[in-house]
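Colleague: Can you read through this structure? Questions will come right after.
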Amino acid sequence: MPIDPLGLYAAGIDASDYVARVAPVVRRHVPAIGDLLDLGAGGGQLGGALRDPAAAWTAVEPAAVMRARLAAIENGPAVQPCDWQDATLAERGCDTVLAANMPATLTTPADFLGRCRAWARRTIVWIVPAQHGPRGLCLAACLPPEWHGEDVTPGVDLVLAGLGPDRRPDVIEHVSWTFRLPVDDLGAVATHLADRLGFPPDDPRRPALLARLDEQLIHGPRGARLQVEKVSAVLVWRVA
């Protein structure tokens with residue numbers, strides 16, 4: 001059965017120290033989260049760690065596999081099953097807007113920030129990739145650059161360039177963390193990556209990719225895993 005790329009990413013986030021490293025930084029800069037709007041909420045890992053149990057938590061999430069994860073959270077968020085452009089949200093309807101690893105922060109940062117400002121009463125928080133390395137395929141850093149062909153410019157540099165000096169955040173803080181993917185079937189993971197990269201079925205890079213992943217596989221008491229070092233930038237705007 002083919003691997004769902006979003007499910008693969010979510011499993012890696014579950015096993016990583018992403019939330020443990022990023023959430024305290026957000027909390028330090030935004031001690032009162034209040035009513036939370038979680039854009040592109042994914043599986044709810046970061047939003048769940050940040051949310052105020054006594055306040056509202058609203059998630060906007062288009063992917064069904066992620067919405068299933070959100071639905072399984074006890075006292076989870078109210079979910080809008082759509083892209084952020086199609087969300088039906090009241091202006092100034094939340095205290096904090098959270099956008100973690102949202103493509104819009106990289107592709108249309110100025111327009112996206114404008115929408116976030118319309119929804120936020122107090123604070124906007126973006127989490128964007130900041131490592132000097134690939135940021136598309138979650139395991140691309142395990143592969144030679146000529147295979148994945150990704151731009152390795154730190155994502156935060158692109159975000160800030162797209163925003164310009166007038167929209168610069170009040171806070172920029174970098175956080176290092178490790179993406180850890182539990183691996184039960186290395187062959188399936190290798191096939192998934194080769195398919196995502198568009199390698200033909202008889203491409204000699206397919207067995208080479210499997211061998212490269214096998215060399216990097218880490219064995220521990222909880223099973224085998226692949227891991228990639230990451231850096232995220234926490235960007236905070238205070239709008240109140």
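Once you know that position 164 of the sequence shown is 164 in UniProt numbering, the rest is easy, because the numbers rise by one and skip nothing. Where a beta carbon is used, it is the ideal one built from N, C-alpha and C, also for glycine. Since this is a predicted model, take the numbers as computed values, not measurements.
Leaving out five residues before and five after G155 in sequence, what residues of the same chain have Cβ atoms less than 7 Å from its Cβ?
Modeller: Counting only Cβ-Cβ distances below 7 Å, and skipping sequence neighbours, we find L106, V128, P129, A130 and R135.
Colleague: Output the distance between the C-alpha atoms of residue 254 and V152, rounded to the nearest integer angstrom.
Modeller: Absent from the structure is residue 254, since the part of the chain shown begins at 1 and ends at 240.
Colleague: Residues bridged to H174 by DSSP?
Modeller: Paired residue(s): A233.
Colleague: Quick one: residues in its chain with C-beta nearer than 7 Å to the C-beta of L217, no 5 flanking neighbours on either side, listed in chain order?
Modeller: Around L217: V183, L186, A224 and L226.
Colleague: Which complete beta strand (DSSP E) runs does the region 72 to 139 hold, if anything under 3 residues is left out?
Modeller: Taking only runs of at least 3 residues, the beta strand (DSSP E) segments lying wholly in the region 72 to 139 are 78 to 80, 94 to 100 and 120 to 129.
Colleague: Check whether the Cβ atoms of P77 and D38 lie closer than 8 Å to each other.
Modeller: Yes, Cβ-Cβ distance for P77 and D38 is below 8 Å.
Colleague: So A49 is in the alpha helix (DSSP H); what residue range does that whole segment cover?
Modeller: Start and end: Q45 to L50.
Colleague: Looking only at DSSP bridge pairs, what is T58 linked to?
Modeller: Looking at the DSSP assignment, T58 forms a beta bridge with L37 and A78.
Colleague: Which class does P154 belong to by DSSP, given the choice of helix, strand or coil?
Modeller: Coil at P154, not helix or strand.
Colleague: By a C-beta neighbour count over all protein chains shown, 10 Å radius and 16 as the cutoff for buried, is N75 buried or exposed?
Modeller: Looking at its Cβ environment, which holds fewer than 16 other Cβ atoms inside 10 Å, N75 is exposed.
Colleague: Would DSSP call G198 helix, strand or coil?
Modeller: Coil at G198, not helix or strand.
Colleague: Taking C-beta to C-beta, are V97 and I124 nearer than 8 Å?
Modeller: Yes.
Colleague: Span of the alpha helix (DSSP H) holding I13?
Modeller: Taken as a continuous stretch (DSSP letters only), the alpha helix (DSSP H) holding I13 covers P5 to A15.
Colleague: Report yes if the CB atom of V171 is closer than 8 Å to the CB atom of V231, and no otherwise.
Modeller: Against a cut-off of 8 Å, the Cβ pair of V231 and V171 comes out as no contact.
Colleague: In the DSSP assignment, what are the bridge partners of H219?
Modeller: Beta-bridge pairing links H219 to A224.
Colleague: Using three-state DSSP, classify P182 as helix, strand or coil.
Modeller: P182 falls in the strand class under three-state DSSP.
Colleague: Given that a residue counts as buried once 16 or more other Cβ atoms are within 10 Å of its Cβ, and exposed if not, what is Q45?
Modeller: Buried is the call here.
Colleague: DSSP has R67 in a bridge; who is on the other side?
Modeller: In the DSSP output, where bridge partners are listed per residue, R67 has none listed.
Colleague: When DSSP builds the beta bridges, which residues end up paired with R238?
Modeller: Note: R238 sits in a beta bridge opposite T123.
Colleague: How far does the alpha helix (DSSP H) with R21 in it reach, from first residue to last?
Modeller: Residues Y18 to H29.
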